[in-house]
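Taking UniProt numbering, the leading residue of the sequence shown gets 1, the next gets one more, and so forth.
Glycine included, every Cβ here is placed at the ideal spot set by N, Cα and C.
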Amino acid sequence: MAHYYLEPSRTFSEFLLIPSLTTKDCTPANVELKTPITKFKKGEQPDISLNIPFTSAVMQSVSDNNMAIALARCGGISFIYGSQSAEDQAAMVRKVKEYKAGFVVSRSNLTPEATLQDVLDLKERNGHSTVAITDDGTPNGKLLGIVTSRDYRMSRDPLDKRIKDFMTPFSSLIYGDSKITLSEANDLIWQHKLNCLPIVDEEQKLHYLVFRKDYDAHKGNPLALLDANKSYIVGAGINSRDYEERVPALVEAGVDVLVIDASDGYSEWQQETLKYVKSNFNVKIGAGNVVDREGFLYLVESGADFVKVGIGGGSICITREQIGIGRGQASALIEVAKAREEYYEQTGIYVPICSDGGIVHDYHITLALAMGADFVMMGRYFARFDESPTKKLKVGNNFVKEFWGEGSNRARNWQRYDTGGKQSLVFEEGVDSYVPYAGSLQENLDKTISKIKSTMSHCGTKSIEDLQNNARITIVSATSLVEGGAHDVIMKESTLSGE
Ligand code: IMP
1 MAHYYLEPSR TFSEFLLIPS LTTKDCTPAN VELKTPITKF KKGEQPDISL
51 NIPFTSAVMQ SVSDNNMAIA LARCGGISFI YGSQSAEDQA AMVRKVKEYK
101 AGFVVSRSNL TPEATLQDVL DLKERNGHST VAITDDGTPN GKLLGIVTSR
151 DYRMSRDPLD KRIKDFMTPF SSLIYGDSKI TLSEANDLIW QHKLNCLPIV
201 DEEQKLHYLV FRKDYDAHKG NPLALLDANK SYIVGAGINS RDYEERVPAL
251 VEAGVDVLVI DASDGYSEWQ QETLKYVKSN FNVKIGAGNV VDREGFLYLV
301 ESGADFVKVG IGGGSICITR EQIGIGRGQA SALIEVAKAR EEYYEQTGIY
351 VPICSDGGIV HDYHITLALA MGADFVMMGR YFARFDESPT KKLKVGNNFV
401 KEFWGEGSNR ARNWQRYDTG GKQSLVFEEG VDSYVPYAGS LQENLDKTIS
451 KIKSTMSHCG TKSIEDLQNN ARITIVSATS LVEGGAHDVI MKESTLSGE
């Protein structure tokens with residue numbers, strides 16, 4: 001006879017947190033969001049922690065190298081999507097690892113033979129007021145000079161004047177060598193009152209420019225997630241099909257952490273993939289997704305460094321409608337978190353869990369953490385920002401961004417839904433959609449984080465661990481959900497739109 005779970009499975013919106021005593025020192029400013037991402041022994045530190053409990057989903061429409069840099073700068077990790085060739089994915093990882101915060105590859109370049117008119121045209125096109133003059137006009141050619149608006153007089157100089165006749169030549173430039181650190185580069189900038197410092201190698205080839213304004217921006221990111229070489233930390237999604245080809249390429253590119261990305265991760269294929277990675281590489285790897293105790297223990301015993309929880313709750317997901325598997329995200333998380341606690345008590349090994357999918361309101365993140373998640377993974381949330389890889393469009397009067405599921409016909413990521421032998425996407429498990437455009441990642445994250453810290457301070461907790469151990473959570477009835485929004489008033493917006 002089949003096994004029945006007769007309690008309904010629940011989602012985040014069915015719960016609220018009950019405030020506890022807020023002591024005077026428990027202010028939002030004193031709340032710490034650092035959290036482990038890889039397993040560790042009692043009393044030891046995890047190899048990788050996040051400074052904010054956010055990761056971006058393994059999706060074409062969410063996590064590329066730009067998103068990875070932007071999110072790591074704020075303290076989280078992106079898992080670069082795996083539904084592309086191993087080579088292309090590794091190239092994205094490499095771009096993140098080679099990106100040096102504050103060091104930018106020159107985007108406006110000309111040769112000394114070009115004219116003032118060319119400088120003005122380039123400025124109009126790119127908006128940059130600093131133009132690097134290289135022997136071949138490329139960003140890494142031999143640096144011969146720099147042109148800024150201080151080198152020409154708009155009304156007096158003829159537009160056909162050659163750059164070589166008015167640029168600041170290399171011999172008069174202050175520059176840094178290619179081994180310089182960001183802090184040394186900035187010392188030079190301050191010492192010589194520069195706006196921009198070119199970085200060149202021993203053959204005078206241009207590598208980067210360091211701008212004064214970028215340094216200020218860099219200083220504003222104290223949570224940036226960096227490795228020992230000061231490169232951003234980056235993750236990548238893999239599947240249980242082509243891992244023997246993909247993992248070596250990603251490791252070679254410098255990936256910090258992998259995750260096996262599958263809709264249902266409770267499978268022997270995931271065990272095989274974990275065993276292969278663990279016996280051949282020294283790289284951290286998470287697995288999933290699961291929604292119960294058995295799935296969690298299976299992946300942990302197979303070697304997973306963290307486990308991802310959630311089936312069917314994603315905003316673009318139609319898995320539940322298509323094949324009828326899944327579980328309310330809150331119930332899944334509560335059961336897995338309990339299994340994790342038992343495992344910790346028995347073995348002394350703490351395995352972080354990630355709540356993946358279904359975050360709609362910011363407070364859902366806090367609820368997920370309170371229910372035992374160490375961090376969340378989000379797709380829709382990040383897809384709305386400038387930094388996501390998709391197009392921004394105007395639909396009607398609103399700006400939107402494109403957002404599609406990995407199981408949609410558009411992504412055709414059949415490996416994610418593979419349960420053996422299926423070499424193509426026979427039916428869709430995701431949709432192709434739009435999400436409202438929301439502006440920059442940093443601005444939105446700042447707001448979300450202040451809400452999380454505020455909730456945690458209302459709960460009298462100053463860390464995620466504290467919240468997990470002490471949160472008081474209540475189920476809300478359908479009627480009290482109505483009470484939770486604005487009700488029994490006439491909203492001004494609707495009054496106006498009715499005019
Ligand atoms: P969201 O944050 O609610 O948008 O959920 C994102 C999560 O949905 C991802 O991290 C995946 O676990 C899951 N997902 C991504 N693409 C699909 C799909 O096409 N169908 C079902 N689930 C998906």
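Check your understanding: Using the C-alpha atoms, what's the distance from Gly460 back to Lys453?
Key -> CA-CA distance, Lys453 to Gly460, rounds to 10 Å.
Exercise for review: Check whether the segment 335-351 touches the segment 284-303, taking contact to mean three or more Cβ pairs, one atom from each stretch, closer than 8 Å.
Suggested key: These segments touch.
Check your understanding: Buried or exposed: where does Pro158 fall if 16 or more other Cβ atoms within 10 Å of its Cβ makes it buried?
Key -> Only exposed fits Pro158, as fewer than 16 other CB atoms lie within 10 angstroms of its CB.
Exercise for review: For Gln270, I'd like the list of residues in its chain whose CB is within less than 6 Å of its CB, leaving aside the five on either flank, ordered along the chain.
Suggested key: Closer than 6 Å at the Cβ level, and outside the excluded window around Gln270, lie Ser240, Ile260 and Ala287.
Check your understanding: What are the boundary residues of the beta strand (DSSP E) that includes Met154?
Key -> No residue range can be given for Met154, since it is assigned to no beta strand (DSSP E) and is classified by DSSP as neither H nor E.
Exercise for review: Report yes or no: do three or more beta-carbon pairs, one from the segment 428-435 and one from the segment 401-416, lie closer than 8 Å?
Suggested key: In short, these stretches touch, since the Cβ pair count reaches three.
Exercise for review: Would you check if the distance between the CB atom of Gly235 and the CB atom of Ser78 is smaller than 8 Å?
Suggested key: Yes, these two residues count as a Cβ contact at 8 Å.
Review point. Taking 7 Å as the cut-off, is the CB of Glu429 close to at least one heavy atom of the ligand IMP?
Key: With a threshold of 7 Å, the Cβ atom of Glu429 counts as near the ligand IMP, since some heavy atom of the ligand is closer than that.
Check your understanding: Taking one C-beta from the segment 7-15 and one from the segment 202-210 each time, how about it: are there three or more such pairs within less than 8 Å?
Key -> Too few Cβ pairs lie closer than 8 Å, so no.
Exercise for review: Please go through the same chain and pick out, in chain order, the residues whose beta-carbon is closer than 8 Å to the beta-carbon of Leu467, but skip the five residues on each side of it.
Suggested key: Correct list, in chain order: Thr366, Leu369, Ala370, Met456, Cys459 and Thr461.
Practice item. Let me know the secondary structure DSSP gives Met378 once reduced to three states. Key: When DSSP states are grouped into helix, strand and coil, Met378 belongs to the strand group.
Point to revise | Start-to-end residues for the beta strand (DSSP E) that takes in Cys74 | key: Premise fails: Cys74 lies in the alpha helix (DSSP H), Asn65 to Cys74, not in any beta strand (DSSP E).
Point to revise | Cβ-based neighbour list, Thr474, same chain, cut-off 6 Å, excluding 5 preceding and 5 following | key: Around Thr474: Leu16 and Ile18.
Exercise for review: Specify the secondary structure class of Phe40 as computed by DSSP and reduced to three states.
Suggested key: If DSSP states are grouped into helix, strand and coil, Phe40 belongs with the strands.
Point to revise | Buried or exposed (CB count within 10 angstroms, at least 16 for buried), Phe427 | key: Flag for Phe427 reads exposed.
Check your understanding: So, is Trp404 buried or exposed, given that buried needs 16 or more other C-beta atoms within 10 angstroms?
Key -> The residue is buried, with at least 16 neighbouring Cβ atoms inside 10 Å.
Review point. How is the alpha helix (DSSP H) around Ser331 delimited, first residue to last?
Key: Taken as a continuous stretch (DSSP letters only), the alpha helix (DSSP H) holding Ser331 covers Gln329 to Thr347.
Practice item. Quick one: which unbroken alpha helix (DSSP H) runs of 4-plus residues sit fully inside the segment 166-250? Chain order, please. Key: If we require 4 residues or more, the alpha helix (DSSP H) runs fully inside the segment 166-250 come out as 182-191 and 212-219.
**Study point:** Cα-Cα separation between Leu274 and Pro248, rounded to whole angstroms
**Key:** Distance between the alpha carbons of Leu274 and Pro248: 14 Å.
Review point. Just checking my contact of Thr38 with Asp305 at CB under 8 Å: how many whole Å lie between their CB atoms?
Key: With a Cβ gap of about 4 Å, Thr38 and Asp305 count as contacting.
Point to revise | Cβ contact (3+ pairs, closer than 8 Å) linking the segment 370-379 and the segment 57-64 | key: A contact exists between the segment 370-379 and the segment 57-64.
**Study point:** For Glu402, the residue or residues it bridges with in DSSP
**Key:** For Glu402, the pairing in a beta bridge is given by DSSP as Tyr434.
Check your understanding: How is Glu32 classed by DSSP in three states: helix, strand or coil?
Key -> If DSSP states are grouped into helix, strand and coil, Glu32 belongs with the strands.
Point to revise | Inter-stretch contact at 8 Å, needing at least 3 Cβ pairs: the segment 126-133 / the segment 83-91 | key: No, the segment 126-133 does not touch the segment 83-91.
Review point. In chain order, what residues of the same chain lie with their CB nearer than 7 Å to the CB of Lys95, ignoring the 5 residues before and after it?
Key: So the list reads Asn65, once near-sequence residues are dropped.
Exercise for review: Take the Cβ of Ile35 as the centre, count every other Cβ of all protein chains shown within 10 Å, and call the residue buried at 16 or more, exposed below.
Suggested key: Sequence check: residue 35 is Thr here, not Ile. Buried, because 16 or more other Cβ atoms sit within 10 Å of the Cβ of Thr35.
Check your understanding: Sorry if obvious, but does the Cβ on Asp418 come closer than 7 Å to a heavy atom of the ligand IMP?
Key -> Not so, every heavy atom of the ligand IMP lies at least 7 Å from the Cβ.
Exercise for review: Please find out if some non-hydrogen atom of the ligand IMP comes closer than 7 Å to the beta-carbon of Glu32.
Suggested key: No.
Review point. Sorry if obvious, but does the Cβ on Ala57 come closer than 7 Å to a heavy atom of the ligand IMP?
Key: With a cut-off of 7 Å, the C-beta of Ala57 is classified as near the ligand IMP, since at least one heavy atom of the ligand falls inside that distance.
Check your understanding: What is the DSSP secondary structure of Ser450, counted as helix, strand or coil?
Key -> Secondary structure at Ser450: helix, using DSSP grouped into helix, strand and coil.
Check your understanding: Roughly how far, in whole angstroms, is the beta-carbon of Val119 from the beta-carbon of Leu110, given that I think they are within contact range, below 8 Å?
Key -> Right, the Cβ-Cβ distance comes to about 7 Å (below 8 Å), so this counts as a contact.
Practice item. Measure the C-alpha to C-alpha separation of Trp414 and Leu425 and round it to an integer number of angstroms. Key: Rounded to the nearest angstrom, the two C-alpha atoms are 5 Å apart.
Check your understanding: Between Gly75 and Asp356, what straight-line distance do the alpha-carbon atoms span, to the nearest angstrom?
Key -> Gly75 and Asp356: Cα-Cα distance of roughly 18 Å.
**Study point:** Neighbour-count burial assignment, Ile490, 16 or more Cβ in a 10 Å radius
**Key:** By the 10 Å Cβ count, Ile490 comes out exposed.
Point to revise | Tyr381 to Glu7 span [Cα, whole Å] | key: In this structure, the straight-line span from the alpha carbon of Tyr381 to that of Glu7 is close to 30 Å.
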